[in-house]
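Chemist:
Numbering (the working numbering), first residue to last: 59 to 301.
Below, the structure written as structure tokens:
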């Protein structure tokens, strides 16, 4: 009987040993603390680089467009022209400084010239002496007042060919037009004059070279008849040769 019992229990012991070997002992405290263990965090992303990417060649710069030129309005142009010329009151005041205040006929002859020719951008205040019978000589000196460039001394000489009787000791006031560079005055200006006047009378003549126009206004002492044909040569220094 014992032999049979031992024989039955032997297989059971063989089966029980592997089962016991597979059992793992677990501590209840470790199991609870395992839930409280810190979870592994995901790695922080790498910082983004602030350095701009390198180019094989420099990027093209945007082309700057040149703004269109500003066109002046007619009112601006008119204002600029007015600033470059002398007004009537300025001219009459300057002429009275040459001929005397209240000279009869002075304002009238200046107004007629301004009406026909417009406003000058320069004028010459001076005096001259001339005398001739058939062939005459003319010498003058004065100061040119330019609206932009200021004052400059000026001298002039020239022949006066025609039928002239008597002598002149003349004060002269010259209106100057289209003189944008005062150096252009120091040249020879041809003249064509035809006048007849008495003592105390005013006269005006025209000289021109290119676009520059000179209109001398004279008040003379003497008596002259005929047509004077010649020129006036202007210089920065006094000259005695009229040619």
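Yeah, the Cβ is synthetic: ideal placement off N, Cα and C, and Gly gets one too.
Roughly how far, in whole angstroms, is the beta-carbon of residue 202 from the beta-carbon of residue 240, given that I think they are within contact range, below 8 angstroms?
Modeler: On the chain shown, position 144 is the one that residue 202 refers to. On the chain shown, position 182 is the one that residue 240 refers to. About 7 angstroms separates the two Cβ atoms, so the contact holds.
Chemist: Taking the alpha helix (DSSP H) that residue 260 belongs to, which residues open and close that run?
Modeler: Indexing the chain shown from 1 puts residue 260 at position 202. Run containing residue 260: none in the alpha helix (DSSP H); it sits in the beta strand (DSSP E), 260–262.
Chemist: If residue 267 sits next to residue 247, beta carbons under 8 angstroms apart, how far is it from one beta carbon to the other, in whole angstroms?
Modeler: Numbered from 1 along the chain shown, position 209 holds the residue referred to as residue 267. Numbered from 1 along the chain shown, position 189 holds the residue referred to as residue 247. Between residue 247 and residue 267 the Cβ distance is about 5 angstroms, and since that is below 8 angstroms, they are a contact.
Chemist: Could you work out which residue in 141, 297, 249, 214 is closest to residue 183 when comparing CA atoms only?
Modeler: Translated into positions along the chain shown, residue 183 becomes position 125. Nearest of 141, 297, 249, 214 to residue 183, Cα basis: 214.
Chemist: If you reduce the DSSP assignment to three classes, tell me which class residue 276 lands in.
Modeler: For the purposes of this step, residue 276 is identified with residue 218 of the chain shown, where counting begins at 1. Three-state DSSP puts residue 276 in a strand.
Chemist: Tell me the start and end of each unbroken alpha helix (DSSP H) in the region 136–173 that is at least 4 residues and wholly inside, in chain order.
Modeler: 146–157
Chemist: Suppose contacts are defined by Cβ-Cβ distances below 8 angstroms. Is residue 168 in contact with residue 154 by that definition?
Modeler: In the chain shown, residue 168 corresponds to position 110, counting from 1. In the chain shown, residue 154 corresponds to position 96, counting from 1. No, the pair does not count as a contact, with Cβ atoms beyond the cut-off.
Chemist: Compare the beta carbon distance of residue 172 and residue 212 with 8 angstroms and say whether it is the shorter of the two.
Modeler: For the purposes of this step, residue 172 is taken as residue 114 along the chain shown, with counting starting at 1. For the purposes of this step, residue 212 is taken as residue 154 along the chain shown, with counting starting at 1. No, the Cβ-Cβ distance between residue 172 and residue 212 is not below 8 angstroms.
Chemist: Using 8 angstroms as the threshold, is the C-beta distance between residue 186 and residue 197 below it?
Modeler: Here residue 186 corresponds to residue number 128 of the chain shown, with the count starting at 1. Here residue 197 corresponds to residue number 139 of the chain shown, with the count starting at 1. It is a contact, given that the beta carbons lie within the stated cut-off.
Chemist: By how many angstroms is the C-alpha of residue 180 removed from the C-alpha of residue 170?
Modeler: Sequence index remark: in the chain shown, residue 170 carries index 112 (1-based). Sequence index remark: in the chain shown, residue 180 carries index 122 (1-based). Those two C-alpha atoms are separated by around 17 angstroms.
Chemist: Are residue 249 and residue 237 close, meaning C-beta to C-beta below 8 angstroms?
Modeler: Taking the chain shown and counting its residues from 1, the one referred to as residue 249 is at position 191. Taking the chain shown and counting its residues from 1, the one referred to as residue 237 is at position 179. Against a cut-off of 8 angstroms, the Cβ pair of residue 237 and residue 249 comes out as no contact.
Chemist: Once the 5 residues before and after residue 199 are set aside, which same chain residues still bring their CB inside 6 angstroms of it?
Modeler: In the chain shown, counting from the first residue as 1, residue 199 sits at position 141. 184, 213, listed in sequence order.
Chemist: Given that a residue counts as buried once 16 or more other Cβ atoms are within 10 Å of its Cβ, and exposed if not, what is residue 216?
Modeler: By one-based count along the chain shown, residue 216 stands at place 158. Residue 216 is buried by the Cβ-count criterion.
Chemist: Please report how far the alpha carbon of residue 271 lies from the alpha carbon of residue 141, in whole angstroms.
Modeler: Position 213 of the chain shown, counted from the first residue, corresponds to residue 271. Position 83 of the chain shown, counted from the first residue, corresponds to residue 141. Straight-line Cα distance between these residues: approximately 19 angstroms.
Chemist: Mapping DSSP to helix, strand and coil, what is residue 243?
Modeler: Within the chain shown, numbered from 1, the residue matching residue 243 stands at position 185. It is helical.
Chemist: Please report how far the alpha carbon of residue 166 lies from the alpha carbon of residue 294, in whole angstroms.
Modeler: As a working note, residue 166 is residue 108 in the chain shown. As a working note, residue 294 is residue 236 in the chain shown. Using only the alpha carbons, I get a separation of about 32 angstroms.
Chemist: Out of curiosity, what's the CA-to-CA distance linking residue 178 and residue 297?
Modeler: On the chain shown, position 120 is the one that residue 178 refers to. On the chain shown, position 239 is the one that residue 297 refers to. If you take the alpha carbons of residue 178 and residue 297, they lie about 27 angstroms apart.
Chemist: Label residue 159 either buried or exposed according to how many other C-beta atoms from any shown protein chain fall within 10 Å of its C-beta, with 16 as the threshold for buried.
Modeler: Locating residue 159 in the chain shown gives position 101, counting from the first residue. Exposed: under 16 other Cβ atoms inside 10 Å.
Chemist: Exposed or buried, what is residue 176 when buried is set at 16 or more other beta-carbons lying within 10 Å of its beta-carbon?
Modeler: For the purposes of this step, residue 176 is taken as the residue at position 118 of the chain shown. Answer is exposed; the Cβ neighbour count stays below 16.
Chemist: With a CB to CB cut of under 8 angstroms and the five nearest residues on each side skipped, what residues in its chain are close to residue 143?
Modeler: In the chain shown, residue 143 corresponds to position 85, counting from 1. Here the set comprises 176, 177, 178, 179, 205.
Chemist: So, residue 245 versus residue 292, is the Cβ gap smaller than 8 angstroms?
Modeler: Along the chain shown, read from residue 1 onward, the residue named residue 245 stands at position 187. Along the chain shown, read from residue 1 onward, the residue named residue 292 stands at position 234. Against a cut-off of 8 angstroms, the Cβ pair of residue 292 and residue 245 comes out as a contact.
Chemist: Taking only the alpha-carbon atoms, compute the straight-line gap between residue 290 and residue 194 and give it to the nearest angstrom.
Modeler: Mapped onto the chain shown, residue 290 falls at position 232. Mapped onto the chain shown, residue 194 falls at position 136. If I take the Cα positions, the gap works out to 12 angstroms.
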